[in-house]
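Keeping their order, the protein sequence lines are chains R and A.
FYI, this note's numbering numbers position 8 of the first sequence as 8, with every residue one higher than the one before it.
Start counting at 1 in the second sequence, then tack on 207, and there's your number in this note's numbering.
Glycine residues also receive a C-beta, built at the ideal position from the N, C-alpha and C atoms.
Fair warning: this is a prediction, and the values are worked out from it, not measured in the lab.
Everything on this sheet refers to the single structure shown next.
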Amino acid sequence: MAIIKIPKTRTAGSDERRRPRDCAGLVAELSDGSPVARRWAARDLAECPDGTAALLERLKQEPDISVREVIFTSLTRIGHFAAVLGLVECLHSEDVALRNEAIDALKQMPDEVAPVMHGMLMDADSDVRIFAVNILESLRHPQVESWLIEVIESDPHVNVCATAVDLLGEVGSSAARQALAHLKGRFPDEPYVQFAADLALRRIDED
Amino acid sequence: MRTDPDAAQTLISDEDFLKFQEFFYRKTGIQFECSKRYFVDKRLVERIEATGSSSFRSYFTMLRFQATGEELQHLTNLMTVNETYFFREEYQFKCLVDSILPELTARRAKGHPIRIWSIPSSSGEEAYSIAIYLLEFWKGLAEWDIEIISSDIDTKILSAARQGFYSARSIQHLPARLLNKYFTHTDDGYQACMDLREAVEFTRVNLTEPADTRSYRDFDIIFCRNLLIYFDELSRKTAAQTFFDAMRPGGFLCLGHSESMSRISSIYKIRKFPEAIVYQKPLESR
Numbered sequence: 001m002a003i004i005k006i007p008k009t010r011t012a013g014s015d016e017r018r019r020p021r022d023c024a025g026l027v028a029e030l031s032d033g034s035p036v037a038r039r040w041a042a043r044d045l046a047e048c049p050d051g052t053a054a055l056l057e058r059l060k061q062e063p064d065i066s067v068r069e070v071i072f073t074s075l076t077r078i079g080h081f082a083a084v085l086g087l088v089e090c091l092h093s094e095d096v097a098l099r100n101e102a103i104d105a106l107k108q109m110p111d112e113v114a115p116v117m118h119g120m121l122m123d124a125d126s127d128v129r130i131f132a133v134n135i136l137e138s139l140r141h142p143q144v145e146s147w148l149i150e151v152i153e154s155d156p157h158v159n160v161c162a163t164a165v166d167l168l169g170e171v172g173s174s175a176a177r178q179a180l181a182h183l184k185g186r187f188p189d190e191p192y193v194q195f196a197a198d199l200a201l202r203r204i205d206e207d
Numbered sequence: 208m209r210t211d212p213d214a215a216q217t218l219i220s221d222e223d224f225l226k227f228q229e230f231f232y233r234k235t236g237i238q239f240e241c242s243k244r245y246f247v248d249k250r251l252v253e254r255i256e257a258t259g260s261s262s263f264r265s266y267f268t269m270l271r272f273q274a275t276g277e278e279l280q281h282l283t284n285l286m287t288v289n290e291t292y293f294f295r296e297e298y299q300f301k302c303l304v305d306s307i308l309p310e311l312t313a314r315r316a317k318g319h320p321i322r323i324w325s326i327p328s329s330s331g332e333e334a335y336s337i338a339i340y341l342l343e344f345w346k347g348l349a350e351w352d353i354e355i356i357s358s359d360i361d362t363k364i365l366s367a368a369r370q371g372f373y374s375a376r377s378i379q380h381l382p383a384r385l386l387n388k389y390f391t392h393t394d395d396g397y398q399a400c401m402d403l404r405e406a407v408e409f410t411r412v413n414l415t416e417p418a419d420t421r422s423y424r425d426f427d428i429i430f431c432r433n434l435l436i437y438f439d440e441l442s443r444k445t446a447a448q449t450f451f452d453a454m455r456p457g458g459f460l461c462l463g464h465s466e467s468m469s470r471i472s473s474i475y476k477i478r479k480f481p482e483a484i485v486y487q488k489p490l491e492s493r
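Here you go:
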């Protein structure tokens with residue numbers, strides 16, 4: 001026995017492909033019984049924007065976490081409007097892991113998420129609005145501060161505002177000063193909001 | 208450029224450091240202990256000044272929200288030491304021969320070689336270190352065949368790896384006995400002996416390109432150290448998923464000491480061996 005060298009990297013023992021690798025074939029393979037086949041189909045569908053709906057549909061029922069991660073990666077790579085809307089829809093799910101993965105994916109798509117951010121921040125469900133603020137936490141976009149200001153100026157829910165003001169404490173500039181003062185007036189009986197707004201104002205003044 | 212430690216300390220407060228430490232860990236998986244405070248502060252001050260930021264706070268905001276991510280990449284490069292040498296992070300090779308291989312061979316029927324993938328190859332130090340370690344310290348080599356494949360995106364560096372010429376700095380951590388056994392002294396350094404060079408297959412691969420990696424299958428152990436820290440989040444996830452498909456169930460993935468798969472993907476199992484923490488594709492997965 002020894003360290004041996006083979007002339008060419010060995011591929012899989014047998015060709016497991018049972019369907020064509022075009023978009024329709026890959027979509028069909030998303031329902032294959034083997035998670036290996038589903039993972040490869042999900043990965044290759046990143047090159048097929050037309051497969052977005054199928055990826056989103058599969059996401060709702062996919063039991064294998066490794067396939068699910070690949071689906072999220074492919075949707076992020078596709079990145080067009082339908083993919084973003086599908087990921088936003090996941091924020092309404094009761095499945096915590098699915099929601100968190102969707103938040104992580106959306107954080108990586110600043111330009112694509114920007115057009116729908118206002119809608120997320122206006123969602124009827126306050127939890128979804130909090131998730132939207134969570135996305136802002138590391139969304140690489142120049143409008144982050146103005147979105148946060150929009151939240152603390154108008155959102156009626158104290159928890160949404162508290163999440164936003166926390167983040168403003170880290171990234172807010174003098175542009176947020178007036179909105180922070182206004183927020184204190186909107187929630188005079190909420191000690192946490194008072195504390196967080198004062199902290200944010202102090203940090204802005206220190207700059 | 209202001210570099211004296213006092214200046215750095217006045218600019219980066221304890222609170223700033225903690226915020227940066229948490230953020231940088233979340234983004235890169237690199238955890239800076241407080242003992243690294245001077246190292247971190249010095250580099251932060253350097254970048255704050257180089258970018259014309261008025262304070263840590265304004266720099267930190269730019270770091271977090273810059274659309275291109277260029278500054279984070281710049282800072283990451285500055286915070287990491289980009290060099291390779293023989294027996295770098297040797298504890299992982301000890302883990303390979305003392306823990307990983309005994310576990311793998313205990314559950315494996317003989318007849319199929321154990322396959323190891325080292326990526327990125329760079330100039331070959333890691334792959335050759337693995338070969339030396341196996342030849343010297345793994346008795347199982349008497350009973351098992353091993354394949355070592357080492358890949359890189361850069362064809363020039365692959366060519367250099369195949370030739371196996373190294374500087375004195377590159378081999379400085381090799382014990383003299385091993386240096387004499389596996390290398391010949393040349394005019395301007397050392398060359399790996401033919402046996403060692405023939406032990407490793409070098410191939411060109413772009414890790415983020417599925418067409419390149421599709422045929423890389425059935426690996427038992429993958430070494431991918433100090434590469435993912437240079438990738439953006441999406442590329443890191445893609446690499447983690449590529450390795451998952453490239454490995455046999457129960458295969459092991461070794462990352463650099465400052466890298467953490469837990470921050471990238473949840474599909475791997477964390478294995479704490481006495482020598483090192485490595486990541487495992489669950490045995491029951493396919």
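I want to verify the contact list: residues of chain R whose CB lies under 7 Å from the CB of residue i, in sequence order.
i	result
Q299 of chain A	Result: empty, since nearest Cβ-Cβ is about 18 Å, beyond 7 Å.
L381 of chain A	Those do not exist, as L381 of chain A stays about 18 Å from chain R at its closest Cβ, beyond 7 Å.
Give the residues of chain A in contact with residue i, contact being defined as C-beta atoms less than 7 Å apart.
i	result
D22 of chain R	The premise fails here: D22 of chain R is roughly 15 Å from chain A at the closest Cβ pair, so nothing lies under 7 Å.
T76 of chain R	L441
K184 of chain R	Those do not exist, as K184 of chain R stays about 21 Å from chain A at its closest Cβ, beyond 7 Å.
I65 of chain R	S473 and I474
When you compare the CB positions of residue i and residue j, do they come within less than 8 Å of one another, or not?
i	j	result
P309 of chain A	D352 of chain A	no
D32 of chain R	A41 of chain R	yes
Y423 of chain A	A453 of chain A	yes
F272 of chain A	P63 of chain R	no
K444 of chain A	T73 of chain R	yes
V84 of chain R	M109 of chain R	yes
P481 of chain A	S336 of chain A	no
E69 of chain R	Q448 of chain A	yes
Y292 of chain A	H392 of chain A	no
A446 of chain A	T410 of chain A	no
Residue i by DSSP, collapsed to three states: which one?
i	result
V494 of chain A	Limits of chain A in this structure are 208 at one end and 493 at the other, which puts residue 494 of chain A out of reach.
L218 of chain A	helix
R295 of chain A	coil
Q487 of chain A	strand
I149 of chain R	helix
W324 of chain A	strand
I130 of chain R	helix
F230 of chain A	helix
F372 of chain A	strand
I477 of chain A	strand
M120 of chain R	helix
E256 of chain A	helix
R77 of chain R	helix
D223 of chain A	helix
S336 of chain A	helix
K317 of chain A	coil
Y437 of chain A	helix
T283 of chain A	helix
F195 of chain R	helix
L91 of chain R	coil
S14 of chain R	Unreliable placement is indicated for S14 of chain R, whose pLDDT of 42 sits below 50; no coordinate value is reported for it.
Bridge partners of residue i, per DSSP?
i	result
E206 of chain R	Answer by DSSP bridge pairing: none, since E206 of chain R is not bridged.
L51 of chain R	Residue 51 of chain R is actually Gly in this sequence, not Leu. G51 of chain R pairs with nothing; no bridge assigned.
H392 of chain A	A:Y397
S357 of chain A	A:S325 and A:F409
I3 of chain R	A:I353
For a contact meaning CB atoms closer than 8 Å, what does residue i contact in chain A?
i	result
A2 of chain R	L348, D352 and I353
S34 of chain R	R493
R203 of chain R	R264
V144 of chain R	F272
P191 of chain R	Result: empty, since nearest Cβ-Cβ is about 22 Å, beyond 8 Å.
By the DSSP assignment, the alpha helix (DSSP H) with residue i in it spans what residues?
i	result
L303 of chain A	Looking at the DSSP string, L303 of chain A is not in any alpha helix (DSSP H), and its letter there is neither H nor E.
P35 of chain R	P35 to D44
K107 of chain R	V96 to K107
Y266 of chain A	F263 to F272
H182 of chain R	R177 to R186
E466 of chain A	Per DSSP, E466 of chain A belongs to no alpha helix (DSSP H) and is neither H nor E.
C161 of chain R	V158 to V171
E29 of chain R	C23 to E29
For residue i, return the contacting residues in chain R, with the cut-off set at a CB-CB distance below 9 Å.
i	result
P417 of chain A	W40, R43, D44, A46 and E47
G318 of chain A	In chain order: nothing, as chain R lies at least about 11 Å away.
G276 of chain A	R140
Where do the ends of the beta strand (DSSP E) carrying residue i lie?
i	result
M454 of chain A	M454 to L462
Q398 of chain A	G396 to A399
D427 of chain A	F426 to C431
Given that residue i touches chain A, what residues does it touch there, using C-beta distances under 9 Å?
i	result
E69 of chain R	K444, A447, Q448, F451, S472, S473 and I474
V171 of chain R	R264, F267, T268, R271 and F272
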